[in-house]
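In the numbering used here, the protein residues as written are 1141 to 1449.
Positions of the beta carbon are idealized from the N, C-alpha and C atoms, including for glycine.
The structure under discussion appears below in the form of C-alpha coordinates.
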Amino acid sequence: MKSTLNTLVTIVALLAFSAAAMGVDIATNHWQLDGDLLDAVGSNDGSAFGAGNFSSSTEVSGSVIFDPQTGSVRPNTGSVKFNGGGSWSDRGINVGALEVMDSYWKPFTVELLFKAPPGQKEESPLFGRLKGDPQDKSQRHVLGFTEDPDDLFVVMQVFDIPAPSNTFFKTDTEPVTDSEWHHAAFTYEHSGDRWDLGGGETNTLKQSLWLDYQFVTSQTIVMEAPLQRDPNNHAVHLPSPDPGVIGGSKFHPNPGLVGVNVDEVRILNYAVPEGANGLDHFLQPDVPEPATLSLIGFGLLAVLRRHRR
(Lines of atoms letter the chains of each structure in order from A and count residues from 1; the text may use other names and numbers.)
(Lines give C-alpha, C1' and ligand atoms only; values in the text may rest on other atoms or scores of the structure.)
Protein backbone atom coordinates (compact mmCIF):
# COMPACT_ATOMS: atom_id res chain seq x y z
CA MET A 1 0.00 0.00 0.00
CA LYS A 2 2.78 2.39 0.94
CA SER A 3 4.65 1.59 -2.27
CA THR A 4 1.51 2.20 -4.33
CA LEU A 5 0.88 5.55 -2.63
CA ASN A 6 4.47 6.62 -3.21
CA THR A 7 4.20 5.69 -6.87
CA LEU A 8 0.97 7.67 -7.23
CA VAL A 9 2.62 10.70 -5.65
CA THR A 10 5.50 10.33 -8.10
CA ILE A 11 3.11 10.30 -11.06
CA VAL A 12 1.37 13.46 -9.87
CA ALA A 13 4.74 15.15 -9.32
CA LEU A 14 5.89 14.19 -12.83
CA LEU A 15 2.69 15.59 -14.31
CA ALA A 16 3.22 18.87 -12.46
CA PHE A 17 6.86 19.01 -13.57
CA SER A 18 5.87 18.36 -17.18
CA ALA A 19 3.30 21.17 -17.09
CA ALA A 20 5.87 23.55 -15.67
CA ALA A 21 8.42 22.52 -18.29
CA MET A 22 5.92 23.33 -21.04
CA GLY A 23 5.35 26.79 -19.63
CA VAL A 24 1.79 26.08 -18.47
CA ASP A 25 1.14 28.37 -15.51
CA ILE A 26 -2.43 27.65 -14.50
CA ALA A 27 -2.57 28.84 -10.89
CA THR A 28 -0.49 31.80 -9.81
CA ASN A 29 -1.59 31.56 -6.18
CA HIS A 30 -3.42 28.98 -4.09
CA TRP A 31 -4.13 29.27 -0.37
CA GLN A 32 -5.33 25.87 0.81
CA LEU A 33 -6.09 27.24 4.30
CA ASP A 34 -5.64 23.80 5.85
CA GLY A 35 -4.42 25.14 9.18
CA ASP A 36 -2.00 27.83 8.02
CA LEU A 37 -1.88 30.83 5.70
CA LEU A 38 0.87 29.55 3.42
CA ASP A 39 0.53 29.92 -0.32
CA ALA A 40 0.76 26.41 -1.78
CA VAL A 41 1.27 27.88 -5.26
CA GLY A 42 3.08 31.16 -5.71
CA SER A 43 5.37 33.17 -3.49
CA ASN A 44 2.95 35.04 -1.19
CA ASP A 45 2.77 33.42 2.21
CA GLY A 46 0.00 35.62 3.52
CA SER A 47 -0.13 37.30 6.90
CA ALA A 48 -3.00 37.37 9.36
CA PHE A 49 -4.30 40.59 10.82
CA GLY A 50 -7.34 41.39 12.94
CA ALA A 51 -7.08 39.92 16.45
CA GLY A 52 -9.51 37.08 17.01
CA ASN A 53 -11.19 37.58 13.66
CA PHE A 54 -10.68 34.03 12.40
CA SER A 55 -9.35 30.65 13.42
CA SER A 56 -8.46 27.30 11.90
CA SER A 57 -11.38 24.95 11.48
CA THR A 58 -11.76 21.25 10.79
CA GLU A 59 -14.96 21.91 8.83
CA VAL A 60 -14.36 20.85 5.22
CA SER A 61 -16.46 20.46 2.11
CA GLY A 62 -15.06 17.02 1.33
CA SER A 63 -12.28 14.66 2.31
CA VAL A 64 -10.16 15.50 -0.74
CA ILE A 65 -9.67 18.34 -3.20
CA PHE A 66 -9.44 17.48 -6.89
CA ASP A 67 -7.76 19.76 -9.44
CA PRO A 68 -8.99 18.85 -12.93
CA GLN A 69 -6.28 20.88 -14.63
CA THR A 70 -3.49 18.69 -13.28
CA GLY A 71 -5.49 15.57 -12.40
CA SER A 72 -4.09 15.78 -8.86
CA VAL A 73 -5.83 14.89 -5.62
CA ARG A 74 -4.85 15.89 -2.09
CA PRO A 75 -6.41 15.57 1.38
CA ASN A 76 -8.66 18.41 2.50
CA THR A 77 -7.96 18.77 6.20
CA GLY A 78 -9.30 22.16 7.22
CA SER A 79 -10.50 25.67 6.43
CA VAL A 80 -10.55 29.15 7.95
CA LYS A 81 -13.57 30.29 9.99
CA PHE A 82 -14.36 33.98 10.48
CA ASN A 83 -16.13 35.16 13.62
CA GLY A 84 -17.11 38.72 12.69
CA GLY A 85 -14.61 40.31 15.04
CA GLY A 86 -12.13 43.05 14.30
CA SER A 87 -12.67 46.50 12.85
CA TRP A 88 -13.13 47.34 9.19
CA SER A 89 -9.46 48.20 8.85
CA ASP A 90 -7.80 45.23 10.55
CA ARG A 91 -9.54 42.00 9.65
CA GLY A 92 -8.98 39.23 7.17
CA ILE A 93 -5.96 37.52 5.68
CA ASN A 94 -3.56 39.74 3.80
CA VAL A 95 -2.37 37.61 0.88
CA GLY A 96 0.19 40.09 -0.40
CA ALA A 97 0.75 41.66 -3.78
CA LEU A 98 -0.82 39.56 -6.53
CA GLU A 99 1.14 39.79 -9.76
CA VAL A 100 -1.56 38.42 -12.03
CA MET A 101 -3.97 41.13 -10.78
CA ASP A 102 -1.57 44.06 -11.00
CA SER A 103 -2.39 45.13 -14.56
CA TYR A 104 -5.41 46.22 -16.57
CA TRP A 105 -4.26 44.04 -19.44
CA LYS A 106 -3.92 40.72 -17.61
CA PRO A 107 -6.92 38.35 -17.35
CA PHE A 108 -7.53 36.38 -14.17
CA THR A 109 -10.00 34.19 -12.31
CA VAL A 110 -10.44 34.07 -8.53
CA GLU A 111 -12.16 31.00 -7.07
CA LEU A 112 -12.92 29.84 -3.55
CA LEU A 113 -15.08 27.54 -1.46
CA PHE A 114 -17.26 29.01 1.29
CA LYS A 115 -19.93 28.00 3.79
CA ALA A 116 -22.06 30.82 5.20
CA PRO A 117 -24.91 30.80 7.72
CA PRO A 118 -27.64 33.47 7.59
CA GLY A 119 -26.92 36.90 9.01
CA GLN A 120 -24.14 38.23 6.79
CA LYS A 121 -23.76 41.97 6.60
CA GLU A 122 -24.04 43.98 3.43
CA GLU A 123 -20.89 43.87 1.33
CA SER A 124 -19.03 41.59 3.71
CA PRO A 125 -16.25 40.48 1.35
CA LEU A 126 -15.10 36.94 0.76
CA PHE A 127 -12.21 38.31 -1.30
CA GLY A 128 -11.04 41.77 -2.30
CA ARG A 129 -8.21 43.27 -4.34
CA LEU A 130 -8.15 47.03 -3.93
CA LYS A 131 -6.08 50.07 -4.79
CA GLY A 132 -5.42 53.07 -2.52
CA ASP A 133 -8.56 54.80 -1.27
CA PRO A 134 -12.03 55.50 -2.74
CA GLN A 135 -10.79 58.73 -4.31
CA ASP A 136 -8.16 56.99 -6.42
CA LYS A 137 -8.94 56.58 -10.10
CA SER A 138 -7.94 52.97 -10.37
CA GLN A 139 -9.22 49.43 -10.39
CA ARG A 140 -10.56 47.17 -7.67
CA HIS A 141 -12.45 43.89 -7.50
CA VAL A 142 -14.52 42.49 -4.64
CA LEU A 143 -16.60 39.32 -4.19
CA GLY A 144 -18.93 39.31 -1.20
CA PHE A 145 -22.48 39.26 0.15
CA THR A 146 -25.27 41.68 -0.74
CA GLU A 147 -27.68 43.49 1.56
CA ASP A 148 -30.00 40.60 0.80
CA PRO A 149 -27.94 37.80 2.37
CA ASP A 150 -29.27 35.29 -0.13
CA ASP A 151 -27.09 36.76 -2.86
CA LEU A 152 -23.50 37.41 -3.83
CA PHE A 153 -22.19 40.60 -5.39
CA VAL A 154 -19.19 41.34 -7.57
CA VAL A 155 -17.88 44.86 -7.98
CA MET A 156 -15.31 46.19 -10.42
CA GLN A 157 -14.50 49.87 -10.12
CA VAL A 158 -12.25 51.42 -12.73
CA PHE A 159 -10.99 55.00 -12.70
CA ASP A 160 -13.77 57.47 -11.90
CA ILE A 161 -16.74 55.21 -12.76
CA PRO A 162 -18.85 54.93 -9.58
CA ALA A 163 -18.73 51.50 -8.01
CA PRO A 164 -22.52 50.91 -7.91
CA SER A 165 -22.70 51.09 -11.70
CA ASN A 166 -20.20 48.26 -11.89
CA THR A 167 -21.86 45.98 -9.36
CA PHE A 168 -23.94 42.96 -10.31
CA PHE A 169 -25.54 40.16 -8.37
CA LYS A 170 -26.31 36.48 -8.46
CA THR A 171 -29.45 36.10 -10.56
CA ASP A 172 -30.93 32.80 -9.42
CA THR A 173 -33.24 32.40 -6.43
CA GLU A 174 -31.33 29.83 -4.41
CA PRO A 175 -29.74 31.30 -1.26
CA VAL A 176 -26.02 31.09 -0.61
CA THR A 177 -26.31 31.71 3.14
CA ASP A 178 -27.75 28.28 3.84
CA SER A 179 -24.90 26.82 5.93
CA GLU A 180 -23.92 24.63 2.98
CA TRP A 181 -20.63 24.64 1.07
CA HIS A 182 -20.61 26.53 -2.23
CA HIS A 183 -18.05 27.25 -4.91
CA ALA A 184 -17.81 30.83 -6.20
CA ALA A 185 -15.56 32.44 -8.80
CA PHE A 186 -15.24 35.70 -10.65
CA THR A 187 -13.24 36.58 -13.73
CA TYR A 188 -11.78 39.68 -15.33
CA GLU A 189 -10.55 40.25 -18.87
CA HIS A 190 -9.60 43.16 -21.12
CA SER A 191 -9.86 43.62 -24.85
CA GLY A 192 -9.13 46.51 -27.17
CA ASP A 193 -6.30 48.99 -27.56
CA ARG A 194 -3.91 49.82 -24.78
CA TRP A 195 -4.44 53.51 -24.33
CA ASP A 196 -1.62 55.99 -24.01
CA LEU A 197 -1.45 59.64 -22.99
CA GLY A 198 -2.71 60.69 -26.40
CA GLY A 199 -6.13 59.15 -25.82
CA GLY A 200 -8.73 58.15 -28.36
CA GLU A 201 -8.60 54.37 -27.81
CA THR A 202 -11.52 52.15 -26.86
CA ASN A 203 -11.15 49.44 -24.20
CA THR A 204 -13.56 46.77 -23.05
CA LEU A 205 -13.41 45.44 -19.50
CA LYS A 206 -15.48 42.37 -18.66
CA GLN A 207 -16.21 40.61 -15.38
CA SER A 208 -18.18 37.43 -14.80
CA LEU A 209 -19.66 35.61 -11.82
CA TRP A 210 -19.77 31.83 -11.33
CA LEU A 211 -21.61 29.92 -8.60
CA ASP A 212 -21.37 26.19 -7.91
CA TYR A 213 -19.43 25.64 -11.14
CA GLN A 214 -22.11 27.29 -13.27
CA PHE A 215 -21.78 30.59 -15.12
CA VAL A 216 -24.27 33.09 -13.67
CA THR A 217 -23.88 36.45 -15.37
CA SER A 218 -21.37 38.92 -16.74
CA GLN A 219 -20.97 42.64 -17.20
CA THR A 220 -19.04 44.52 -19.87
CA ILE A 221 -17.79 48.09 -19.51
CA VAL A 222 -16.64 50.03 -22.55
CA MET A 223 -14.24 52.87 -21.84
CA GLU A 224 -12.73 55.46 -24.13
CA ALA A 225 -9.49 57.31 -23.47
CA PRO A 226 -8.34 59.83 -22.43
CA LEU A 227 -9.06 58.89 -18.82
CA GLN A 228 -7.79 60.06 -15.48
CA ARG A 229 -4.63 58.17 -14.62
CA ASP A 230 -1.43 58.22 -12.67
CA PRO A 231 1.07 60.01 -14.93
CA ASN A 232 3.88 57.86 -13.53
CA ASN A 233 2.52 54.53 -14.70
CA HIS A 234 -0.28 55.46 -17.12
CA ALA A 235 -2.71 53.58 -14.87
CA VAL A 236 -1.50 50.29 -16.28
CA HIS A 237 -0.41 48.71 -13.01
CA LEU A 238 -1.65 48.59 -9.47
CA PRO A 239 1.04 49.30 -6.87
CA SER A 240 2.30 46.15 -5.20
CA PRO A 241 1.76 47.39 -1.60
CA ASP A 242 -2.00 47.17 -2.06
CA PRO A 243 -2.76 43.53 -1.27
CA GLY A 244 -5.51 41.07 -1.86
CA VAL A 245 -7.47 40.18 1.26
CA ILE A 246 -9.35 36.98 2.08
CA GLY A 247 -12.36 37.66 4.29
CA GLY A 248 -11.87 41.39 4.52
CA SER A 249 -11.60 44.67 2.70
CA LYS A 250 -10.68 48.13 3.92
CA PHE A 251 -13.33 49.64 1.65
CA HIS A 252 -16.32 47.92 3.20
CA PRO A 253 -16.64 49.08 6.83
CA ASN A 254 -18.79 46.42 8.44
CA PRO A 255 -18.30 43.73 11.10
CA GLY A 256 -17.18 41.28 8.45
CA LEU A 257 -18.03 37.64 7.92
CA VAL A 258 -20.00 35.97 10.73
CA GLY A 259 -19.43 32.24 11.15
CA VAL A 260 -18.28 31.87 7.54
CA ASN A 261 -15.80 29.19 6.49
CA VAL A 262 -13.51 29.94 3.54
CA ASP A 263 -11.28 27.40 1.86
CA GLU A 264 -9.19 26.84 -1.27
CA VAL A 265 -8.72 30.41 -2.51
CA ARG A 266 -7.00 30.16 -5.89
CA ILE A 267 -6.10 32.64 -8.62
CA LEU A 268 -5.78 31.54 -12.25
CA ASN A 269 -3.90 33.53 -14.87
CA TYR A 270 -6.76 33.42 -17.37
CA ALA A 271 -10.48 34.20 -17.42
CA VAL A 272 -12.58 31.03 -17.52
CA PRO A 273 -14.85 31.53 -20.59
CA GLU A 274 -18.61 31.73 -20.23
CA GLY A 275 -19.32 28.62 -22.31
CA ALA A 276 -16.85 26.44 -20.43
CA ASN A 277 -17.71 23.55 -18.15
CA GLY A 278 -16.70 24.81 -14.72
CA LEU A 279 -15.72 21.30 -13.66
CA ASP A 280 -12.93 21.42 -16.24
CA HIS A 281 -11.31 24.45 -14.60
CA PHE A 282 -12.20 24.76 -10.91
CA LEU A 283 -11.11 22.92 -7.78
CA GLN A 284 -13.64 20.36 -6.57
CA PRO A 285 -14.08 18.98 -3.05
CA ASP A 286 -14.70 15.47 -4.27
CA VAL A 287 -12.96 12.43 -5.73
CA PRO A 288 -12.09 12.32 -9.43
CA GLU A 289 -14.63 10.98 -11.89
CA PRO A 290 -14.29 7.28 -12.82
CA ALA A 291 -12.69 8.18 -16.15
CA THR A 292 -10.01 10.19 -14.40
CA LEU A 293 -9.43 7.42 -11.89
CA SER A 294 -9.02 4.98 -14.78
CA LEU A 295 -6.34 7.16 -16.36
CA ILE A 296 -4.50 7.40 -13.07
CA GLY A 297 -4.83 3.66 -12.63
CA PHE A 298 -3.42 2.92 -16.09
CA GLY A 299 -0.48 5.21 -15.40
CA LEU A 300 0.11 3.53 -12.05
CA LEU A 301 0.03 0.06 -13.62
CA ALA A 302 2.49 1.15 -16.29
CA VAL A 303 4.94 2.41 -13.68
CA LEU A 304 4.56 -0.73 -11.57
CA ARG A 305 5.08 -2.96 -14.62
CA ARG A 306 8.25 -1.09 -15.55
CA HIS A 307 9.43 -1.26 -11.92
CA ARG A 308 9.02 -5.08 -11.89
CA ARG A 309 11.20 -5.42 -14.96
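In this structure, Glu1314 lies away from Phe1355, with their beta-carbon atoms at least 8 Å apart. In this structure, Ile1233 sits away from Leu1423, with a CB-CB distance that is not shorter than 8 Å. In this structure, Leu1345 lies near Met1296, with their beta-carbon atoms less than 8 Å apart.
Restricting attention to Ile1386, Phe1326, Gly1387, the CA atom closest to the CA of Thr1357 is found in Phe1326.
CA-CA distance, Gly1224 to Gln1260, rounds to 9 Å.
Distance between Gly1186 and Ser1331, taken at the CA atoms: about 31 Å. By the Cβ-count criterion, Thr1317 is buried, with 16 or more other Cβ atoms from all chains shown falling within 10 Å of its own Cβ.
By the neighbour-count definition (other C-beta atoms within 10 Å, threshold 16), Thr1249 is a buried residue.
Counting along the chain, the unbroken beta strand (DSSP E) around Phe1194 starts and ends at 1194-1197. Contact between Pro1425 and Ser1201 holds, since their C-beta atoms are separated by about 4 Å, short of 8 Å. For Asp1207, the three-state secondary structure derived from DSSP is strand. Residue burial annotation: Glu1199 is exposed, with fewer than 16 other C-beta atoms found within 10 angstroms of its C-beta. Going by beta carbons, Gly1399 and Pro1257 fall inside the 8 Å limit.
Assignment of Gly1284 by DSSP, reduced to helix, strand and coil, places it in the strand class. Taken atom to atom, the span from the alpha-carbon of Arg1406 to that of His1170 is near 4 Å.
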